[in-house]
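Chemist:
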Amino acid sequence: MRYLTRRVLVLLLTGWAALTINFVLPRLMPGNPAEVMLARFQGRLSPRALAALTVEFGVHTHQSLLAQYVAYWGHMLTGNFGLSLTYYPASVAQMVAQAFPWTLGLVGISTLIAFILGTGIGIAAAWRHGSRLDGVLLPVSLLLNSMPYFWFALLMLYLFGFVLGWFPVGGGLNLAHQAGGWAGLGAIISHAILPAATITITAAGGWVLTMRNNMVAILGEDFVKFARAKGLPDRVVEFRYAARNAILPNFTGFAMAIGFVVGGALLTEIVFSYPGLGYLLYEAVLNLDYPLMQAIFLFISLAVLVANFLADLAYILLDPRVRAVGRS
Amino acid sequence: MNQRIAIGLAASVSLAFALAAAMASNVGAAGVKTGGTLYSAMPWGTIPDNFNPFLPSGSNAGGTLSVIYEPLFYDNSVNGQLVPLLGTGYKWEDHNLKLVVTTRRGVQWTDGTAFTAKDVAFTFNYLHQYPVLDLSRIWSTGLTSVTATGSNTVVFTFSKANTPAFLYIAGQAVVPARLWSKVKNPSTYTNPHPVGTGPFTLQSFNPYVVKYVRNPHYWMVGRPYIHGLVIEAVKSNDTSLFDILKHNIQFTYTAITDVAKTFAARAPAVNHYWWPVNNTNLLYMNTQEAPFSNTAFRIAIAEALNTKLIATRAYYGAIGPANPAAFVPAQAKAWFNPSLKGLEHPYSPALAKQTLKKAGFKWTSTGQLESARGNPLPSYRILVGAGWTDFITMAQVVSNELQAIGISTTIDQEPWGTYESSLLTGRYDMAICWGAGTGPTPYYDYEQSLGSQYSAKQIGQVAVSDWSRFTRPAIDRALQSFRQTSNLAVQKRDITTVARIILRQVPFVPLTNRPNFFDYQTATFVGFPNAQNPYNAGDPPDAPGANLMYTRVHLK
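Residue numbers (the numbering used here), protein chains in the order written: chain A, 192 to 519; chain B, 29 to 584.
(1) Bridge partners for residue 542 (chain B) per DSSP, in chain order?
(2) Looking at residue 73 (chain B) and residue 239 (chain B), is the spacing between their C-beta atoms short of 8 Å?
(3) Given this structure, state the Cα-to-Cα distance separating residue 196 (chain A) from residue 492 (chain A), to the nearest angstrom.
(4) 8 Å is my cut-off, CB to CB: does residue 214 (chain B) come that close to chain A?
(5) In whole angstroms, what is the alpha-carbon distance linking residue 397 (chain B) and residue 389 (chain B)?
(6) Between the beta-carbon of residue 112 (chain B) and the beta-carbon of residue 163 (chain B), is there less than 8 Å?
(7) Along the region 73–85 of chain B, where does the CB come closer than 9 Å to a CB of chain A? Name the residues.
(8) Under three-state DSSP, which class holds residue 397 (chain B)?
(9) Using a 10 Å radius around the Cβ and a threshold of 16 neighbouring Cβ atoms, would you call residue 147 (chain B) buried or exposed?
(10) Is the Cβ-Cβ distance between residue 93 (chain B) and residue 557 (chain B) less than 8 Å?
(11) With DSSP as the reference, label residue 417 (chain B) as helix, strand or coil.
(12) Measuring only between beta-carbons, confirm whether residue 360 (chain A) sits less than 8 Å from chain B.
(13) Comparing alpha-carbon positions, which option in B:539, B:101, B:568 and B:86 lies nearest residue 331 (chain B)?
(14) From the DSSP output, in three-state form, read off residue 534 (chain B) for me.
(15) Run through chain A and tell me which residues come within less than 9 Å of residue 146 (chain B), C-beta to C-beta.
(16) Taking DSSP as the reference, what is the three-state secondary structure of residue 329 (chain A)?
(17) For the region 439–517 of chain B, list the beta strand (DSSP E) runs that are entirely contained and at least 3 residues long, ordered along the chain.
(18) Is residue 340 (chain A) close to chain B? Criterion is C-beta to C-beta, closer than 8 Å.
(19) Any contact of the region 181–194 of chain B with the region 132–150 of chain B, i.e. 3+ C-beta pairs under 8 Å?
(20) What in chain B is Cβ-close to residue 479 (chain A), meaning under 7 Å?
(21) Going along chain B, which residues have a C-beta under 9 Å from residue 322 (chain A)?
(22) Which complete alpha helix (DSSP H) runs does the region 263–330 of chain A hold, if anything under 4 residues is left out?
(23) Could you list the residues in the region 455–470 of chain A with a C-beta less than 9 Å from some C-beta on chain B, going in chain order?
(24) Using DSSP's beta-bridge definition, name the partner residues of residue 167 (chain A).
(25) Give me the Cα-Cα distance between residue 341 (chain A) and residue 400 (chain A), rounded to the nearest whole angstrom.
(26) I need the DSSP call for residue 53 (chain B), collapsed to helix, strand or coil.
(27) Under DSSP, the beta strand (DSSP E) around residue 585 (chain B) begins and ends at which residues?
(28) Which of the three DSSP states, helix, strand or coil, is assigned to residue 453 (chain A)?
(29) Evaluate residue 459 (chain A) with the Cβ neighbour count: other Cβ atoms within 10 Å of its Cβ, from every protein chain shown; 16 or more gives buried, anything less gives exposed.
(30) Grab the span of the alpha helix (DSSP H) containing residue 420 (chain A) for me, first residue to last.
(31) Between the C-alpha atoms of residue 494 (chain A) and residue 380 (chain A), what's the straight-line distance to the nearest angstrom?
(32) Indicate whether residue 333 (chain B) and residue 532 (chain B) have their beta-carbon atoms separated by less than 8 Å.
(33) For residue 439 (chain B) versus residue 410 (chain B), is the C-beta distance shorter than 8 Å?
(34) Under 8 Å, do residue 223 (chain B) and residue 139 (chain B) count as touching if we go by C-beta distance?
(35) Using the Cβ count rule (16 or more neighbours within 10 Å means buried), how would you classify residue 384 (chain A)?
(36) Anything in chain B within Cβ reach of residue 394 (chain A), meaning under 9 Å, just list it in chain order.
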């Protein structure tokens with residue numbers, strides 16, 4: 192129980208810190224949103240109109256920082272994120288709600304596949320370490336992991352989208368042809384395959400490497416040797432003894448990755464013109480769109496924190512030592 | 029009355045009659061094939077869920093201002109022609125203090141009610157009531173009242189003559205009075221069910237694709253030929269290039285790199301690009317800041333820059349260098365006074381060094397420029413938009429050429445928001461940007477970029493469009509004289525006066541011509557604008573001029 196209370200306290204404390212940083216950071220950027228709004232209207236706004244607009248946006252640059260901070264907390268707690276400056280007069284909530292399902296679908300699923308695939312391959316490689324399979328997998332994963340994503344994605348798009356024509360070259364144009372239903376779903380899937388594949392392939396390499404290395408280390412431990420000496424079947428030693436222990440650091444990494452899913456995959460979205468939160472965040476930063484930026488950062492911070500909290504809870508199940516600490 | 033516009037109007041009115049005649053024959057005969065859906069992809073990122081025509085383009089969904097709402101007239105910035113849309117004619121009366129516009133009869137809003145002159149008067153008075161909507165600052169031109177004096181006549185009254193203001197009036201999208209008079213907060217109203225007079229109506233919207241369907245009651249009988257229009261928002265130029273190369277789309281407005289090779293040559297029979305010039309890319313210098321406040325220093329910069337090389341590097345030969353006084357090529361014939369030729373600054377680094385020497389500048393032993401007092405000049409920033417490859421390339425060449433005369437510079441790439449606000453507030457040394465105004469005569473750019481009413485007294489204050497923050501009473505006088513007269517000879521003299529000051533004092537250095545980047549393919553549809561038939565200016569799909577394309581394009 193003490194373990195749990197401590198986790199909850201850490202969650203609250205880091206949550207407060209993250210939200211405060213989220214408040215401070217955008218205000219350290221050069222320029223101010225009123226000027227950017229002026230730029231959007233190409234300077235044609237009269238000072239009176241500009242003043243009216245800034246009030247409408249809730250950008251009170253003349254307000255004291257403390258007053259802004261208090262108002263900020265009020266808004267965050269009530270979920271009132273205000274109007275987006277970039278997509279004015281659409282509300283921030285509306286913009287985020289539009290992009291979120293696409294990101295969750297694409298990045299969420301491909302992150303999960305990459306984790307399962309990468310960890311599985313890592314286990315197999317470590318169990319047979321020194322074998323030819325391991326000898327091939329290691330450099331391939333290193334290569335995939337260190338490849339510049341933008342370049343790789345463009346190459347895939349050019350090859351499979353443009354030259355071979357197996358997949359659409361991007362966006363939702365074909366979605367527009369479809370009325371919906373099964374045909375619409377098919378179009379959504381055919382648009383997602385290529386971007387999902389690039390994310391999965393480049394991300395899986397990292398999971399393979401960490402899982403393999405952790406597992407190789409665990410395989411050298413005495414308790415594994417003891418398990419083998421006891422004559423336990425290979426599968427039990429491989430999964431219940433070695434993999435179960437080796438997966439712990441990977442699991443923390445996975446929790447972080449799930450958190451970052453919410454941030455979207457900017458490069459993927461740009462290369463494949465895929466809808467999502469990454470581009471929204473990018474636009475928000477370019478346009479000094481504080482309200483939109485803060486809402487997305489808030490979701491990212493919360494997702495990372497909650498995912499970590501859940502990972503901590505999962506540790507209780509995975510790692511008996513945590514349970515032991517909790518009882519003492 | 030402005031003679032040149034009058035000629036253009038007469039020509040386009042007769043053109044409209046000719047078109048009507050041609051159309052009548054097409055409907056019966058086996059001429060034009062109707063039907064089909066036209067596709068486009070634009071690097072817009074996402075499409076705002078907003079069909080409010082009073083917001084600047086980009087804040088409303090692409091198409092709002094080109095297919096749903098229509099202005100009174102379309103001014104073709106490439107050939108200076110005026111095309112009547114909701115207006116059919118106009119005349120200036122009472123010493124250019126009264127503008128009488130005749131509106132089209134027989135036009136219907138898409139909700140079935142009739143369009144009248146009252147809607148036009150309402151629209152302009154609405155701008156007066158809500159100044160935030162008046163993006164063209166129509167009510168700052170001296171306009172005092174707008175009234176509908178009949179079912180198809182609107183009278184605009186001015187306190188002082190301002191004939192060029194006609195263009196801003198002509199281009200304002202007109203809305204139905206019946207619906208908009210009920211809107212409480214027009215600047216935040218998203219107008220989810222737009223009712224306009226245009227050739228299409230909204231069919232469906234999502235943030236990535238907007239679809240329009242033919243308006244069967246459009247006032248041009250039998251038009252448009254096509255049944256649908258789909259515009260997709262993509263997130264990079266590469267996607268629109270791939271899409272048009274695969275013929276998924278028929279047209280796009282994209283500055284394709286090395287367009288002749290990467291696009292046109294891939295399918296020479298059907299892939300075409302038309303990049304008509306209607307503006308100029310300029311190197312702005314902050315004349316409120318030393319040493320750019322020094323005229324000799326600015327002249328030396330003009331002499332040090334090889335604009336031919338800059339244009340070749342930036343546009344691979346598709347676009348040429350700029351006229352040194354920023355005349356658009358199509359307008360140079362009518363407006364460029366040959367006496368200006370002698371004032372131009374030819375490319376010559378040697379001459380540039382001489383100019384600097386005469387002004388008292390010196391060089392250090394390593395070749396760096398230093399002031400007369402022997403202080404080496406710091407490195408100056410050249411402001412460009414982050415990722416805008418054409419501007420970045422220009423800045424690189426400029427930087428190299430300035431280094432050759434001892435001026436060191438760094439290229440400062442800023443995201444759009446900070447780029448634009450630095451430009452407006454004068455927090456920059458040098459910047460590459462387009463000309464502030466576009467129109468059928470050089471007046472529009474000169475007025476926007478050098479008129480003192482668009483400038484600011486101090487760094488930090490907003491200069492609406494005089495980004496070099498350069499003003500001269502002589503320029504203001506010439507612009508004022510241009511506004512108040514209809515005499516073409518006087519207007520030409522005024523333009524020459526401003527051009528002469530530009531050449532002598534160099535508030536900015538014109539670098540290259542600036543075109544519209546219109547790319548299209550004719551595998552299934554024909555009738556796109558091009559150099560042979562420039563019925564519009566190659567406008568982007570969301571600009572009013574694209575309207576003319578949507579009513580002309582048809583199946584092959």
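Glycine included, every Cβ here is placed at the ideal spot set by N, Cα and C.
Modeler: So, from the listed chains and residues:
(1) As a first step, residue 542 (chain B) must be located in the second sequence, where it is residue number 514. Answer is B:307.
(2) Here residue 239 (chain B) refers to the residue found at position 211 of the second sequence. Here residue 73 (chain B) refers to the residue found at position 45 of the second sequence. It is not a contact, given that the beta carbons lie outside the stated cut-off.
(3) Here the question's residue 196 (chain A) lines up with position 5 in the first sequence. Here the question's residue 492 (chain A) lines up with position 301 in the first sequence. Whole-angstrom Cα-Cα distance: 20 Å.
(4) Locating residue 214 (chain B) in the second sequence gives position 186, counting from the first residue. Answer no: the Cβ-Cβ gap between residue 214 (chain B) and chain A never drops below 8 Å.
(5) For the purposes of this step, residue 397 (chain B) is identified with residue 369 of the second sequence, where counting begins at 1. For the purposes of this step, residue 389 (chain B) is identified with residue 361 of the second sequence, where counting begins at 1. So the two alpha carbons sit approximately 7 Å from each other.
(6) Counting from 1 along the second sequence, the entry for residue 112 (chain B) is found at position 84. Counting from 1 along the second sequence, the entry for residue 163 (chain B) is found at position 135. No; because the gap between Cβ atoms is not below 8 Å, this pair is not in contact.
(7) Within the region 73–85 of chain B, the residues whose Cβ lies closer than 9 Å to some Cβ of chain A are 73, 74, 76, 77, 78, 80, 83 and 84, listed in chain order.
(8) If you number the second sequence from 1, residue 397 (chain B) lands on position 369. The DSSP-derived three-state label of residue 397 (chain B) is strand.
(9) Along the second sequence, read from residue 1 onward, the residue named residue 147 (chain B) stands at position 119. With 16 or more other Cβ atoms within 10 Å, it is buried.
(10) Numbered from 1 along the second sequence, position 65 holds the residue referred to as residue 93 (chain B). Numbered from 1 along the second sequence, position 529 holds the residue referred to as residue 557 (chain B). Going by C-beta atoms, residue 93 (chain B) is not nearer than 8 Å to residue 557 (chain B).
(11) Within the second sequence, numbered from 1, the residue matching residue 417 (chain B) stands at position 389. In this structure, residue 417 (chain B) counts as helix in the three-state DSSP scheme.
(12) Numbered from 1 along the first sequence, position 169 holds the residue referred to as residue 360 (chain A). Against chain B, the CB of residue 360 (chain A) has a partner CB under 8 Å away; the residue lies at that interface.
(13) Taking the first residue of the second sequence as 1, we reach residue 331 (chain B) at position 303. Per the C-alpha coordinates, the member of B:539, B:101, B:568 and B:86 positioned closest to residue 331 (chain B) is B:539.
(14) Here residue 534 (chain B) refers to the residue found at position 506 of the second sequence. DSSP places residue 534 (chain B) in coil when its eight states are reduced to three.
(15) Within the second sequence, the letter at position 118 stands for residue 146 (chain B). Per Cβ cutoff of 9 Å: no residues; residue 146 (chain B) is ~26 Å from chain A at best.
(16) Start at 1 with the first residue of the first sequence, and residue 329 (chain A) comes out as number 138. It is helical.
(17) Taking only runs of at least 3 residues, the beta strand (DSSP E) segments lying wholly in the region 439–517 of chain B are 458–462.
(18) Your numbering for residue 340 (chain A) matches position 149 in the first sequence. Cβ-Cβ to chain B under 8 Å: no for residue 340 (chain A).
(19) The region 181–194 of chain B vs the region 132–150 of chain B: in contact.
(20) In the first sequence, the residue the question calls residue 479 (chain A) occupies position 288. Those within 7 Å of residue 479 (chain A) in chain B are 445.
(21) Here residue 322 (chain A) refers to the residue found at position 131 of the first sequence. Here the premise fails: no neighbours, minimum Cβ distance about 42 Å.
(22) Residue ranges of uninterrupted alpha helix (DSSP H) with 4 or more members, entirely inside the region 263–330 of chain A and ordered along the chain, are 283–294 and 300–318.
(23) Those residues of the region 455–470 of chain A that come within reach of chain B (Cβ to Cβ, closer than 9 Å) are 460, 461, 462, 463, 464, 465, 466 and 470.
(24) Only positions 192 to 519 of chain A appear in the structure, and residue 167 (chain A) is not among them; the question remains open.
(25) By one-based count along the first sequence, residue 341 (chain A) stands at place 150. By one-based count along the first sequence, residue 400 (chain A) stands at place 209. One C-alpha to the other measures close to 21 Å.
(26) Taking the second sequence and counting its residues from 1, the one referred to as residue 53 (chain B) is at position 25. Because residue 53 (chain B) sits at a pLDDT of 36, beneath the cut-off of 50, its placement in the model cannot be relied upon, and the following sentence gives the value as read from the coordinates. Residue 53 (chain B): helix per DSSP, three-state reduction.
(27) The structure shown does not extend to residue 585 (chain B), since chain B is modelled only from 29 through 584, so no value can be given for it.
(28) Within the first sequence, the letter at position 262 stands for residue 453 (chain A). Residue state, collapsed to three classes: coil.
(29) Taking the first sequence and counting its residues from 1, the one referred to as residue 459 (chain A) is at position 268. It is buried - the Cβ of residue 459 (chain A) has at least 16 other Cβ atoms within 10 Å.
(30) Locating residue 420 (chain A) in the first sequence gives position 229, where the first residue counts as 1. Looking at the DSSP string, the run of the alpha helix (DSSP H) that includes residue 420 (chain A) is 413–420.
(31) As a position in the first sequence, residue 494 (chain A) is number 303, starting the count at 1. As a position in the first sequence, residue 380 (chain A) is number 189, starting the count at 1. The C-alpha of residue 380 (chain A) is placed about 25 Å away from the C-alpha of residue 494 (chain A).
(32) Taking the first residue of the second sequence as 1, we reach residue 333 (chain B) at position 305. Taking the first residue of the second sequence as 1, we reach residue 532 (chain B) at position 504. Taking 8 Å as the Cβ cut-off, residue 333 (chain B) and residue 532 (chain B) do not qualify as a contacting pair.
(33) The residue given as residue 439 (chain B) occupies position 411 in the second sequence. The residue given as residue 410 (chain B) occupies position 382 in the second sequence. In this structure, residue 410 (chain B) lies closer than 8 Å to residue 439 (chain B) by Cβ.
(34) Along the second sequence, one-based indexing puts residue 223 (chain B) at 195. Along the second sequence, one-based indexing puts residue 139 (chain B) at 111. For the pair residue 223 (chain B) and residue 139 (chain B), the CB atoms are nearer than the 8 Å cut-off.
(35) Start at 1 with the first residue of the first sequence, and residue 384 (chain A) comes out as number 193. Result: exposed.
(36) Looking up residue 394 (chain A) in the first sequence gives position 203. Neighbours of residue 394 (chain A) on chain B: none; closest Cβ ~21 Å, over 9 Å.
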